[in-house]
Amino acid sequence: MFESFMVALNAVAPFMILLGIGFLAVRTRIADRAFMNRLNALNFKLFFPFLMFNNIYSAKPENLPSATLMIAGPLSVILLVLVLLIAVPRIVKENSRRGVIIQAIFRSNFIIYGIPLTASIFGTEQSSVCGIMVMIMVSLFNIAAVIVLEIFREGGKVRLKPLLLGLLKNPLLQGCAIGLLFFALRIRLPAFIASPVSSLATLATTLAMIVLGANLIFEEIQKNRKPIAAVLLIRLILLPLVTIPLGWLIGLRGVELFLILMIFGTPVATASYPMAQNMGGDGQLAGQLVFTSTVASLGTIFLFIYIMSRLGLLA
445 MFESFMVALN
455 AVAPFMILLG
465 IGFLAVRTRI
475 ADRAFMNRLN
485 ALNFKLFFPF
495 LMFNNIYSAK
505 PENLPSATLM
515 IAGPLSVILL
525 VLVLLIAVPR
535 IVKENSRRGV
545 IIQAIFRSNF
555 IIYGIPLTAS
565 IFGTEQSSVC
575 GIMVMIMVSL
585 FNIAAVIVLE
595 IFREGGKVRL
605 KPLLLGLLKN
615 PLLQGCAIGL
625 LFFALRIRLP
635 AFIASPVSSL
645 ATLATTLAMI
655 VLGANLIFEE
665 IQKNRKPIAA
675 VLLIRLILLP
685 LVTIPLGWLI
695 GLRGVELFLI
705 LMIFGTPVAT
715 ASYPMAQNMG
725 GDGQLAGQLV
735 FTSTVASLGT
745 IFLFIYIMSR
755 LGLLA
(Lines of atoms letter the chains of each structure in order from A and count residues from 1; the text may use other names and numbers.)
(Lines give C-alpha, C1' and ligand atoms only; values in the text may rest on other atoms or scores of the structure.)
Protein backbone atom coordinates (compact mmCIF):
# COMPACT_ATOMS: atom_id res chain seq x y z
CA MET A 1 0.00 0.00 0.00
CA PHE A 2 2.77 2.44 0.96
CA GLU A 3 4.69 1.53 -2.21
CA SER A 4 1.65 2.33 -4.39
CA PHE A 5 1.24 5.67 -2.62
CA MET A 6 4.89 6.53 -3.23
CA VAL A 7 4.54 5.71 -6.94
CA ALA A 8 1.66 8.17 -7.21
CA LEU A 9 3.47 10.76 -5.05
CA ASN A 10 6.65 10.55 -7.13
CA ALA A 11 4.59 11.16 -10.27
CA VAL A 12 2.73 14.19 -8.91
CA ALA A 13 5.25 15.89 -6.57
CA PRO A 14 7.59 17.22 -9.33
CA PHE A 15 4.64 19.00 -10.94
CA MET A 16 3.66 20.57 -7.63
CA ILE A 17 7.20 21.86 -7.09
CA LEU A 18 7.26 23.45 -10.56
CA LEU A 19 3.86 25.05 -9.94
CA GLY A 20 5.20 26.46 -6.67
CA ILE A 21 8.26 27.92 -8.40
CA GLY A 22 6.08 29.76 -10.90
CA PHE A 23 3.71 30.95 -8.18
CA LEU A 24 6.58 32.34 -6.10
CA ALA A 25 8.31 33.90 -9.11
CA VAL A 26 5.37 36.25 -9.64
CA ARG A 27 4.67 36.86 -5.93
CA THR A 28 8.31 37.81 -5.33
CA ARG A 29 8.31 39.94 -8.51
CA ILE A 30 11.10 38.02 -10.22
CA ALA A 31 8.72 38.00 -13.20
CA ASP A 32 5.27 39.37 -13.95
CA ARG A 33 2.25 37.75 -15.60
CA ALA A 34 2.76 39.64 -18.87
CA PHE A 35 6.20 38.06 -19.21
CA MET A 36 4.80 34.65 -18.26
CA ASN A 37 2.09 34.93 -20.93
CA ARG A 38 4.72 35.70 -23.57
CA LEU A 39 6.74 32.74 -22.31
CA ASN A 40 3.62 30.59 -22.59
CA ALA A 41 3.16 31.61 -26.23
CA LEU A 42 6.83 30.82 -26.93
CA ASN A 43 6.45 27.44 -25.22
CA PHE A 44 3.37 26.58 -27.28
CA LYS A 45 4.91 27.60 -30.59
CA LEU A 46 8.49 26.40 -30.11
CA PHE A 47 9.10 23.92 -27.29
CA PHE A 48 5.89 21.86 -27.31
CA PRO A 49 6.37 20.81 -30.97
CA PHE A 50 9.70 19.29 -29.91
CA LEU A 51 7.92 17.40 -27.10
CA MET A 52 5.30 16.04 -29.52
CA PHE A 53 8.00 15.07 -32.03
CA ASN A 54 10.21 13.41 -29.43
CA ASN A 55 7.42 11.33 -27.87
CA ILE A 56 6.61 9.80 -31.25
CA TYR A 57 10.18 9.62 -32.54
CA SER A 58 11.29 7.76 -29.38
CA ALA A 59 8.63 5.02 -29.62
CA LYS A 60 10.04 1.54 -30.28
CA PRO A 61 8.16 -0.34 -33.03
CA GLU A 62 9.31 -3.74 -31.76
CA ASN A 63 7.29 -3.29 -28.54
CA LEU A 64 3.79 -3.35 -29.95
CA PRO A 65 0.76 -3.47 -27.65
CA SER A 66 -2.07 -5.82 -28.60
CA ALA A 67 -4.37 -4.91 -31.49
CA THR A 68 -7.24 -4.84 -28.98
CA LEU A 69 -5.59 -2.04 -26.98
CA MET A 70 -4.47 -0.12 -30.07
CA ILE A 71 -8.07 -0.11 -31.34
CA ALA A 72 -9.97 0.21 -28.06
CA GLY A 73 -7.94 3.14 -26.67
CA PRO A 74 -8.36 5.57 -29.59
CA LEU A 75 -11.92 4.43 -30.38
CA SER A 76 -12.99 5.08 -26.77
CA VAL A 77 -11.53 8.61 -26.90
CA ILE A 78 -13.25 9.36 -30.22
CA LEU A 79 -16.62 8.19 -28.87
CA LEU A 80 -16.07 10.24 -25.70
CA VAL A 81 -15.31 13.39 -27.73
CA LEU A 82 -18.47 12.92 -29.82
CA VAL A 83 -20.60 12.52 -26.69
CA LEU A 84 -19.03 15.60 -25.12
CA LEU A 85 -19.58 17.70 -28.27
CA ILE A 86 -23.29 16.95 -27.93
CA ALA A 87 -23.64 17.16 -24.15
CA VAL A 88 -21.37 20.02 -23.01
CA PRO A 89 -22.89 22.83 -25.19
CA ARG A 90 -26.27 22.04 -23.63
CA ILE A 91 -24.88 22.78 -20.16
CA VAL A 92 -22.09 25.34 -20.69
CA LYS A 93 -23.13 28.62 -22.33
CA GLU A 94 -19.81 30.33 -23.15
CA ASN A 95 -17.94 29.08 -26.23
CA SER A 96 -14.58 29.94 -24.65
CA ARG A 97 -15.39 27.47 -21.85
CA ARG A 98 -17.02 24.73 -23.89
CA GLY A 99 -13.86 23.74 -25.73
CA VAL A 100 -11.75 23.97 -22.56
CA ILE A 101 -14.09 21.70 -20.59
CA ILE A 102 -14.40 19.13 -23.39
CA GLN A 103 -10.62 19.07 -23.82
CA ALA A 104 -10.07 18.68 -20.07
CA ILE A 105 -12.36 15.66 -19.88
CA PHE A 106 -10.96 13.65 -22.79
CA ARG A 107 -7.31 14.78 -22.86
CA SER A 108 -5.28 13.18 -20.10
CA ASN A 109 -1.64 13.54 -19.08
CA PHE A 110 -0.98 10.00 -20.30
CA ILE A 111 2.13 11.32 -22.07
CA ILE A 112 3.78 12.39 -18.81
CA TYR A 113 2.41 9.79 -16.39
CA GLY A 114 2.17 6.66 -18.54
CA ILE A 115 5.77 5.52 -18.92
CA PRO A 116 7.14 6.37 -15.42
CA LEU A 117 4.14 4.90 -13.57
CA THR A 118 4.10 1.78 -15.75
CA ALA A 119 7.85 1.33 -15.22
CA SER A 120 7.42 1.74 -11.45
CA ILE A 121 4.84 -1.03 -11.25
CA PHE A 122 5.75 -3.43 -14.05
CA GLY A 123 9.43 -2.73 -14.68
CA THR A 124 11.20 -1.04 -17.59
CA GLU A 125 10.89 -4.01 -19.95
CA GLN A 126 7.09 -4.18 -19.80
CA SER A 127 6.68 -0.41 -19.74
CA SER A 128 8.18 -0.19 -23.24
CA VAL A 129 4.77 -1.20 -24.61
CA CYS A 130 3.58 2.19 -23.35
CA GLY A 131 5.76 4.02 -25.90
CA ILE A 132 3.67 2.98 -28.90
CA MET A 133 0.44 3.86 -27.06
CA VAL A 134 1.90 7.27 -26.23
CA MET A 135 2.58 7.79 -29.93
CA ILE A 136 -0.99 6.81 -30.87
CA MET A 137 -2.71 8.73 -28.10
CA VAL A 138 -0.64 11.93 -28.30
CA SER A 139 -1.48 12.18 -32.00
CA LEU A 140 -5.18 11.62 -31.35
CA PHE A 141 -5.35 13.93 -28.32
CA ASN A 142 -3.77 16.79 -30.24
CA ILE A 143 -5.89 16.41 -33.36
CA ALA A 144 -9.08 16.17 -31.31
CA ALA A 145 -8.10 19.13 -29.10
CA VAL A 146 -7.39 21.38 -32.09
CA ILE A 147 -10.71 20.41 -33.73
CA VAL A 148 -12.68 21.05 -30.53
CA LEU A 149 -11.01 24.41 -29.77
CA GLU A 150 -11.33 25.56 -33.39
CA ILE A 151 -15.04 24.64 -33.45
CA PHE A 152 -15.78 26.80 -30.44
CA ARG A 153 -13.45 29.58 -31.53
CA GLU A 154 -15.66 29.74 -34.61
CA GLY A 155 -18.76 30.17 -32.45
CA GLY A 156 -19.70 26.50 -32.18
CA LYS A 157 -20.02 26.02 -35.93
CA VAL A 158 -18.09 23.48 -37.98
CA ARG A 159 -16.51 25.49 -40.80
CA LEU A 160 -14.26 23.24 -42.84
CA LYS A 161 -11.74 25.75 -44.19
CA PRO A 162 -10.84 27.44 -40.85
CA LEU A 163 -10.80 24.02 -39.20
CA LEU A 164 -8.34 22.57 -41.73
CA LEU A 165 -6.17 25.70 -41.59
CA GLY A 166 -6.16 25.48 -37.80
CA LEU A 167 -5.02 21.86 -38.00
CA LEU A 168 -2.27 22.64 -40.50
CA LYS A 169 -0.99 25.67 -38.55
CA ASN A 170 -1.09 24.13 -35.10
CA PRO A 171 2.50 23.78 -33.80
CA LEU A 172 1.76 20.65 -31.75
CA LEU A 173 0.27 18.84 -34.73
CA GLN A 174 3.23 19.91 -36.86
CA GLY A 175 5.50 18.27 -34.29
CA CYS A 176 3.35 15.13 -34.34
CA ALA A 177 3.38 14.97 -38.14
CA ILE A 178 7.17 15.25 -38.39
CA GLY A 179 7.54 12.69 -35.59
CA LEU A 180 5.24 10.25 -37.40
CA LEU A 181 7.23 10.75 -40.61
CA PHE A 182 10.52 9.99 -38.87
CA PHE A 183 8.96 7.01 -37.06
CA ALA A 184 7.40 5.54 -40.22
CA LEU A 185 10.58 5.94 -42.30
CA ARG A 186 12.80 4.92 -39.36
CA ILE A 187 14.91 8.03 -39.75
CA ARG A 188 17.36 8.38 -36.86
CA LEU A 189 18.84 11.69 -35.80
CA PRO A 190 22.59 11.98 -35.20
CA ALA A 191 23.48 12.30 -31.52
CA PHE A 192 24.44 15.98 -31.75
CA ILE A 193 20.87 16.76 -32.95
CA ALA A 194 18.96 14.17 -30.87
CA SER A 195 20.43 15.53 -27.63
CA PRO A 196 19.16 19.15 -27.95
CA VAL A 197 15.82 17.88 -29.32
CA SER A 198 15.41 15.80 -26.16
CA SER A 199 16.41 18.77 -23.98
CA LEU A 200 13.90 21.07 -25.67
CA ALA A 201 11.20 18.41 -25.28
CA THR A 202 11.87 18.20 -21.54
CA LEU A 203 11.82 21.99 -21.27
CA ALA A 204 8.25 22.17 -22.67
CA THR A 205 6.55 20.49 -19.72
CA THR A 206 8.78 22.25 -17.18
CA LEU A 207 7.98 25.70 -18.59
CA ALA A 208 4.26 24.92 -18.90
CA MET A 209 3.99 24.06 -15.21
CA ILE A 210 6.03 27.11 -14.11
CA VAL A 211 3.87 29.44 -16.23
CA LEU A 212 0.73 27.76 -14.94
CA GLY A 213 1.87 28.29 -11.34
CA ALA A 214 2.62 31.94 -12.11
CA ASN A 215 -0.86 32.55 -13.51
CA LEU A 216 -2.81 30.78 -10.77
CA ILE A 217 -5.36 33.03 -9.07
CA PHE A 218 -6.90 31.10 -6.22
CA GLU A 219 -9.88 33.44 -5.97
CA GLU A 220 -10.78 32.46 -9.55
CA ILE A 221 -10.66 28.78 -8.62
CA GLN A 222 -13.37 29.47 -6.06
CA LYS A 223 -15.50 31.17 -8.73
CA ASN A 224 -15.05 28.19 -11.06
CA ARG A 225 -15.60 25.54 -8.40
CA LYS A 226 -18.68 24.01 -10.06
CA PRO A 227 -17.17 23.30 -13.52
CA ILE A 228 -13.89 22.26 -11.88
CA ALA A 229 -15.65 19.81 -9.55
CA ALA A 230 -17.67 18.36 -12.44
CA VAL A 231 -14.60 17.88 -14.65
CA LEU A 232 -12.56 16.30 -11.84
CA LEU A 233 -15.37 13.89 -10.99
CA ILE A 234 -15.63 12.75 -14.61
CA ARG A 235 -11.91 12.87 -15.47
CA LEU A 236 -10.44 11.20 -12.39
CA ILE A 237 -13.23 8.95 -11.11
CA LEU A 238 -16.08 8.18 -13.51
CA LEU A 239 -14.01 7.58 -16.65
CA PRO A 240 -11.67 5.01 -15.04
CA LEU A 241 -14.63 3.39 -13.25
CA VAL A 242 -16.28 2.82 -16.63
CA THR A 243 -13.28 2.11 -18.88
CA ILE A 244 -11.30 -0.27 -16.64
CA PRO A 245 -14.15 -2.85 -16.36
CA LEU A 246 -14.82 -2.47 -20.10
CA GLY A 247 -11.12 -3.06 -20.78
CA TRP A 248 -11.22 -6.21 -18.67
CA LEU A 249 -14.34 -7.43 -20.49
CA ILE A 250 -12.65 -7.13 -23.90
CA GLY A 251 -9.67 -9.14 -22.67
CA LEU A 252 -7.09 -6.58 -21.54
CA ARG A 253 -4.96 -7.78 -18.65
CA GLY A 254 -1.93 -6.69 -16.61
CA VAL A 255 0.07 -3.84 -18.11
CA GLU A 256 -2.44 -3.23 -20.92
CA LEU A 257 -5.34 -2.87 -18.50
CA PHE A 258 -3.18 -0.53 -16.44
CA LEU A 259 -2.64 1.62 -19.55
CA ILE A 260 -6.40 2.12 -19.72
CA LEU A 261 -6.13 3.71 -16.25
CA MET A 262 -3.27 5.87 -17.53
CA ILE A 263 -5.28 7.03 -20.55
CA PHE A 264 -8.51 7.76 -18.70
CA GLY A 265 -7.50 8.30 -15.06
CA THR A 266 -4.51 10.65 -15.14
CA PRO A 267 -4.85 14.46 -14.71
CA VAL A 268 -5.75 16.95 -17.41
CA ALA A 269 -2.93 17.23 -19.95
CA THR A 270 -0.38 19.96 -19.25
CA ALA A 271 -0.43 20.93 -22.94
CA SER A 272 -4.14 21.76 -22.73
CA TYR A 273 -3.32 24.98 -20.86
CA PRO A 274 -1.01 26.70 -23.39
CA MET A 275 -3.15 25.38 -26.24
CA ALA A 276 -6.36 26.82 -24.79
CA GLN A 277 -4.73 30.15 -23.98
CA ASN A 278 -3.35 30.47 -27.51
CA MET A 279 -6.50 29.31 -29.32
CA GLY A 280 -9.18 31.57 -27.87
CA GLY A 281 -10.23 29.36 -24.98
CA ASP A 282 -10.62 30.34 -21.33
CA GLY A 283 -6.95 30.02 -20.36
CA GLN A 284 -7.56 30.72 -16.69
CA LEU A 285 -10.09 27.86 -16.42
CA ALA A 286 -7.82 25.55 -18.43
CA GLY A 287 -4.92 26.26 -16.07
CA GLN A 288 -7.09 25.72 -13.00
CA LEU A 289 -8.23 22.35 -14.36
CA VAL A 290 -4.62 21.25 -14.91
CA PHE A 291 -3.64 22.40 -11.42
CA THR A 292 -6.59 20.96 -9.47
CA SER A 293 -6.60 17.65 -11.35
CA THR A 294 -2.84 17.27 -10.77
CA VAL A 295 -3.32 17.74 -7.02
CA ALA A 296 -6.43 15.53 -6.82
CA SER A 297 -4.82 12.77 -8.87
CA LEU A 298 -2.37 12.07 -6.06
CA GLY A 299 -5.28 10.49 -4.19
CA THR A 300 -7.27 9.02 -7.08
CA ILE A 301 -4.34 7.37 -8.91
CA PHE A 302 -3.17 5.86 -5.64
CA LEU A 303 -6.65 4.49 -4.91
CA PHE A 304 -7.07 2.96 -8.36
CA ILE A 305 -3.62 1.40 -8.29
CA TYR A 306 -4.29 0.01 -4.82
CA ILE A 307 -7.74 -1.37 -5.74
CA MET A 308 -6.54 -2.89 -9.01
CA SER A 309 -3.61 -4.47 -7.19
CA ARG A 310 -5.87 -5.92 -4.47
CA LEU A 311 -8.23 -7.34 -7.11
CA GLY A 312 -5.32 -8.98 -8.93
CA LEU A 313 -5.86 -6.89 -12.07
CA LEU A 314 -2.21 -5.88 -12.33
CA ALA A 315 -0.82 -9.41 -12.32
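The sequence shown maps to residues 445 to 759 in this note's numbering. Glycine residues also receive a C-beta, built at the ideal position from the N, C-alpha and C atoms. This structure is a prediction, so every number in the text was calculated from the model and none was measured.
Cβ neighbours of VAL536 within its own chain (closer than 8 Å, five residues either side excluded): ARG542, ILE545 and PRO671.
Within the DSSP secondary-structure output, VAL590 pairs in no beta bridge.
A distance of 9 Å or more separates the beta carbons of ASN539 and PRO711. A distance of 9 Å or more separates the beta carbons of ALA516 and PRO718. A distance below 9 Å separates the beta carbons of ILE576 and ALA503. Secondary structure at VAL527: helix, using DSSP grouped into helix, strand and coil. Annotated three-state conformation of VAL536 is coil, per DSSP. The three-state secondary structure of SER583, taken from DSSP, is helix. Judged by beta-carbon spacing, MET579 lies beyond the 9 Å limit of ILE707, meaning their Cβ atoms are not closer than that value. When secondary structure is reduced to three states using DSSP, SER552 falls in the strand class. In the DSSP annotation of this structure, the continuous segment of the alpha helix (DSSP H) that includes THR736 starts and ends at 727-754.
A straight-line Cα-Cα distance of about 29 Å links ALA652 and LEU685. Counting C-beta pairs with one atom in each stretch, the stretch 615-629 and the stretch 472-480 have fewer than three that are closer than 8 Å, which means they do not touch. Unbroken alpha helix (DSSP H) stretches of 4 residues or longer found wholly inside the stretch 615-650: 615-629, given in chain order. According to the DSSP secondary-structure assignment, VAL578 is paired through a beta bridge with no residue.
In the same chain as LEU656, and ignoring 5 residues on each side of it, the C-beta atoms closer than 7 Å to its own belong to LEU463, GLY466, TYR717, GLY731, VAL734 and PHE735, in chain order.
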